[in-house]
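Each remark here refers to the structure printed beneath this line.
In the numbering used here, the protein residues as written are 592 to 849.
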C-alpha cells in the first residue's frame, strides 16, 4: 500500500487597499457498485461516526479526480501532479469546479476498503476526510493490473455570480452604510481591470479601493472600517474577472468613493 501526502490550498482574505473556486450540493450518483460511490460511502460513514455532516457529490470535481486517477494508473505513478499535467487547482477549475479552498487525497492499493483504511490511518488524509470545513467531494478510481488508483478532491464551493450581480451585492452593502452607488460603473470596471489604478476622467474619487475575495460577505467589516468617516456619499462599483485565480473562484471589485 502506498499513500501520498496531502495537498491543501487555501485562499485567505488579504488587504492591499483591499486585496481581498462547482455548484454545491449536487447529489452523488446512485450505482452502489460504482467504485467512486463505494469510496464516498466509506468516506461519509467515517464522517457520520465522527458526528459530521456528509459531503455532497460535486460532478466537476469528480471529472477532475477521475482524469487524474486514470493518468496515475496509466503511468503506474502516484503523484499529485504528473509531468505535463496542471496542478490541482488548475485542473479542478478547468473541469468547471468553483471553490475557495481545495485539497486532495491520493492512494493506490488492492481494494477500496484498504485504500480508505490507509487514508484514515494517515493524519493528513484523515484530516481531509474529517474536515468540518469541506462541503463537497469528487472521487475518481482507475485500475492497472491488480492495483487501484484512487483520488478524492475536496472543496469549499463558491456560488457563481455575474459581473452585474457582484456589483449589485456590493452596492447593496454600501446602501446600508448611507452611500449610494449612483455613478456609472464603467470607470470602476476599467479601474478594476487596471489593477486598482484610477482609470477615468476628472473628477478623481476621494478614495479608490480594490479587493479580491472568494467570499463577498467578508467585505462588510472592511467597508465599515473604510467608509465610517462619513465623508463619502456616492460611489461607483465595478467588477472584473480574476485572471490570476489559478482555478480558485474569487470576486474582484474596484470601489470608487466620492
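For glycine and all other residues, C-beta sits at the position ideal for the given N, C-alpha and C.
Answer with yes or no whether the minimum CB distance from residue 831 to chain D is below 8 Å.
No chain D is present in this structure, which holds just one protein chain.
7 Å CB neighbourhood of residue 749 in its chain, flanking five on each side removed
The residue labelled residue 749 in the question sits at position 158 within the chain shown. Only 612, 689, 690, 691, 805, 840 meet the Cβ criterion.
Measuring only the C-alpha atoms, how far is residue 684 from residue 657?
Sequence index remark: in the chain shown, residue 684 carries index 93 (1-based). Sequence index remark: in the chain shown, residue 657 carries index 66 (1-based). Annotation: residue 684 to residue 657 spans about 14 Å, alpha carbon to alpha carbon.
Would you kindly check if the distance between the Cβ of residue 848 and the Cβ of residue 796 is under 8 Å?
Counting from 1 along the chain shown, the entry for residue 796 is found at position 205. Counting from 1 along the chain shown, the entry for residue 848 is found at position 257. Result yes, Cβ atoms of residue 796 and residue 848 sit closer than 8 Å.
Count Cβ pairs between the segment 752-771 and the segment 729-737 that sit closer than 8 Å; are there 3 or more?
Segments in contact, no.
I'd like to check one pair, residue 846 with residue 743: are the Cβ atoms closer than 8 Å?
Residue 743 sits at position 152 when you count from the first residue of the chain shown. Residue 846 sits at position 255 when you count from the first residue of the chain shown. Between residue 743 and residue 846, the C-beta spacing is not below 8 Å.
Quick check on residue 833: buried or exposed, where buried means 16 or more other Cβ atoms within 10 Å of its Cβ?
Numbered from its first residue, the chain shown carries residue 833 at position 242. Buried, because 16 or more other Cβ atoms sit within 10 Å of the Cβ of residue 833.
On the DSSP bridge list, what partners appear for residue 770?
Your numbering for residue 770 matches position 179 in the chain shown. BP columns for residue 770 are empty, so no partner.
Alpha carbons only, please: which of 842, 844, 627 is nearest the one belonging to residue 731?
Taking the first residue of the chain shown as position 1, residue 731 is located at position 140. Taking residue 731 as reference, the option from 842, 844, 627 with the minimal CA-CA separation is 627.
Chain-order list of residues whose beta-carbon lies under 6 Å from that of residue 829 (same chain, five-residue window excluded)
Position 238 of the chain shown, counted from the first residue, corresponds to residue 829. Setting aside the 5 residues that flank it on each side, residue 829 is surrounded in the same chain by 776, 779, 780, 783, 845, each with a C-beta closer than 6 Å to its C-beta; the list follows chain order.
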